[in-house]
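Colleague:
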Amino acid sequence: GAGVSQSPSNKVTEKGKDVELRCDPISGHTALYWYRQSLGQGLEFLIYFQGNSAPDKSGLPSDRFSAERTGGSVSTLTIQRTQQEDSAVYLCASKTGSDNSPLHFGNGTRLTVT
Amino acid sequence: GEDVEQSLFLSVREGDSSVINCTYTDSSSTYLYWYKQEPGAGLQLLTYIFSNMDMKQDQRLTVLLNKKDKHLSLRIADTQTGDSAIYFCAESLDDKIIFGKGTRLHILP
Chain A
12 GAGVSQSPSN
22 KVTEKGKDVE
32 LRCDPISGHT
42 ALYWYRQSLG
52 QGLEFLIYFQ
62 GNSAPDKSGL
72 PSDRFSAERT
82 GGSVSTLTIQ
92 RTQQEDSAVY
102 LCASKTGSDN
112 SPLHFGNGTR
122 LTVT
Chain B
184 GEDVEQSLFL
194 SVREGDSSVI
204 NCTYTDSSST
214 YLYWYKQEPG
224 AGLQLLTYIF
234 SNMDMKQDQR
244 LTVLLNKKDK
254 HLSLRIADTQ
264 TGDSAIYFCA
274 ESLDDKIIFG
284 KGTRLHILP
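Keeping their order, the protein sequence lines are chains A and B.
Counting in this note's numbering, the first sequence runs from 12 upward without gaps.
Counting in this note's numbering, the second sequence runs from 184 upward without gaps.
1) Who are the near neighbours of Pro292 of chain B in its chain, counting only those whose CB is closer than 7 angstroms to its CB and skipping five residues on each side?
2) Tell me whether the region 254-274 of chain B and the region 236-245 of chain B touch, counting them as touching only if at least three CB pairs, one residue from each stretch, are closer than 8 angstroms.
3) Candidates B:Ile280, B:His289, B:Met238: which alpha carbon is nearest Gly53 of chain A's?
4) Skipping 5 residues on each side, what residues in its chain have a beta carbon closer than 8 angstroms to that of Asp266 of chain B?
5) Closer than 7 angstroms, Cβ to Cβ, to anything on chain B: give me those residues from the region 58-91 of chain A, in chain order.
6) Would you kindly report the start and end of the unbroken beta strand (DSSP E) that includes Lys279 of chain B?
7) Over what stretch of residues does the beta strand (DSSP E) that includes Asn21 of chain A continue unbroken?
8) Identify each residue in the region 98-125 of chain A for which the Cβ-Cβ distance to at least one residue of chain B is less than 7 angstroms, and report them in chain order.
9) From Lys250 of chain B to Glu96 of chain A, what does the alpha carbon distance come to, in whole angstroms?
10) Taking just the CA atoms, how far does Tyr216 of chain B sit from Cys34 of chain A?
11) Apply the 10 Å Cβ neighbour rule to Glu79 of chain A and answer buried if 16 or more other Cβ atoms are within range, or exposed otherwise.
12) To test your reading of the DSSP string, which unbroken beta strand (DSSP E) runs of 3 or more residues are found completely within the region 220-292 of chain B?
13) Pull up the DSSP beta-bridge partners for Asn111 of chain A, would you.
14) From the DSSP output, in three-state form, read off Glu31 of chain A for me.
15) Between which two residues does the beta strand (DSSP E) holding Lys68 of chain A run?
16) Among the residues of its own chain, which have a CB less than 6 angstroms from the CB of Gly285 of chain B, if the five just before and after it don't count?
17) Based on the DSSP output, what are the partners of Thr123 of chain A in its beta bridges?
18) Which residues mark the beginning and the end of the beta strand (DSSP E) in which Arg196 of chain B is found?
19) For His254 of chain B, is the classification buried or exposed, using 16 other Cβ atoms within 10 angstroms of its Cβ as the cut-off for buried?
20) Determine, for Thr213 of chain B, whether the minimum Cβ-Cβ distance to residues of chain A falls below 9 angstroms.
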């Protein structure tokens, strides 16, 4: 595809349920990032994948959050036992391995936990 | 530490220049970026500057970097209604890219 694709675009779930958010990066991009955007909080770094290296999980807010990237391409962010404070827009971005290459963002998944 | 600070709001009259300011904390940042986010969309890269540069100009956009003060600014000349958006400053630290909270630019008629 031409850009980073995220699905679903909107997700409403009940507190306590698990959700999976999907990201299809730009073909050939080796680096993939997940961010969370909450009202008034800017972009919060969650996790970063680069090639076959171990991911940088330092931004994950709790052990309810996990992510994987299969085959170096598609990534899934999973939130278990969702809480109301998990409501936010979850943005995925990808880039090539070059230092100065920009991040290309998807349009995000808006998660609402009721 | 990793922290990028920017003011949350800016109002500018159409046709005037907009200046959005940002401060960052890590002097080892290699690249600094400005991203634009329009409603309902992801972030779009506007411009970036390498840390050994002082200034970069690209059409209506001018980026100024004061590395000593860890201060970055984005100037938009002849601001138009289409410039209304949230502007994010970001710094790269190794492979991690850290964003500020964003400045919402409001254009007055």
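We put the beta carbon where it would ideally sit given N, CA and C, even for glycine.
Modeller: With the structure as the only source:
1) Within the second sequence, residue 292 of chain B is the residue found at index 109, counting from 1. Cβ within range, chain order: Glu197.
2) yes
3) Working through the first sequence from its first residue, we reach residue 53 of chain A at position 42. The shortest Cα separation from Gly53 of chain A among B:Ile280, B:His289, B:Met238 belongs to B:Ile280.
4) Taking the first residue of the second sequence as position 1, residue 266 of chain B is located at position 83. The answer, listed in chain order, is Ser201, Ile259, Leu288, Ile290.
5) Tyr59, Gln61, Asp67
6) Here residue 279 of chain B refers to the residue found at position 96 of the second sequence. 279-282 is the span of the beta strand (DSSP E), which, as asked, contains Lys279 of chain B.
7) Taking the first residue of the first sequence as position 1, residue 21 of chain A is located at position 10. 21-24 is the span of the beta strand (DSSP E), which, as asked, contains Asn21 of chain A.
8) Leu102, Asp110, Asn111, Pro113, Leu114, Phe116, Gly117, Asn118, Gly119
9) Taking the second sequence and counting its residues from 1, the one referred to as residue 250 of chain B is at position 67. Taking the first sequence and counting its residues from 1, the one referred to as residue 96 of chain A is at position 85. Each residue's Cα considered, the two are about 37 angstroms apart.
10) By one-based count along the first sequence, residue 34 of chain A stands at place 23. By one-based count along the second sequence, residue 216 of chain B stands at place 33. Spanning the two alpha carbons is a distance of roughly 23 angstroms.
11) The residue labelled residue 79 of chain A in the question sits at position 68 within the first sequence. Per the 10 Å Cβ criterion, exposed.
12) 226-233, 238-241, 244-249, 254-259, 268-276, 279-282, 286-291
13) Here residue 111 of chain A refers to the residue found at position 100 when the first sequence is read from its first residue. Looking at the DSSP assignment, Asn111 of chain A forms no beta bridge with any residue, so it has no partner.
14) The sequence position of residue 31 of chain A within the first sequence is 20, counting from 1. Correct three-state label for Glu31 of chain A: strand.
15) Stepping through the first sequence from its first residue, residue 68 of chain A is reached at position 57. Counting along the chain, Lys68 of chain A falls outside any beta strand (DSSP E), and DSSP gives it neither H nor E.
16) Walking along the second sequence from the start, residue 285 of chain B turns up at place 102. Here the set comprises Ile269, Phe271.
17) Within the first sequence, residue 123 of chain A is the residue found at index 112, counting from 1. DSSP, once it has assigned bridges, lists A:Val23 as partnering Thr123 of chain A.
18) Working through the second sequence from its first residue, we reach residue 196 of chain B at position 13. Arg196 of chain B -> beta strand (DSSP E) spans 192-196.
19) For the purposes of this step, residue 254 of chain B is identified with residue 71 of the second sequence, where counting begins at 1. It counts as exposed.
20) Here the question's residue 213 of chain B lines up with position 30 in the second sequence. Taking Cβ atoms only, chain A reaches closer than 9 angstroms to Thr213 of chain B, which makes this a yes.
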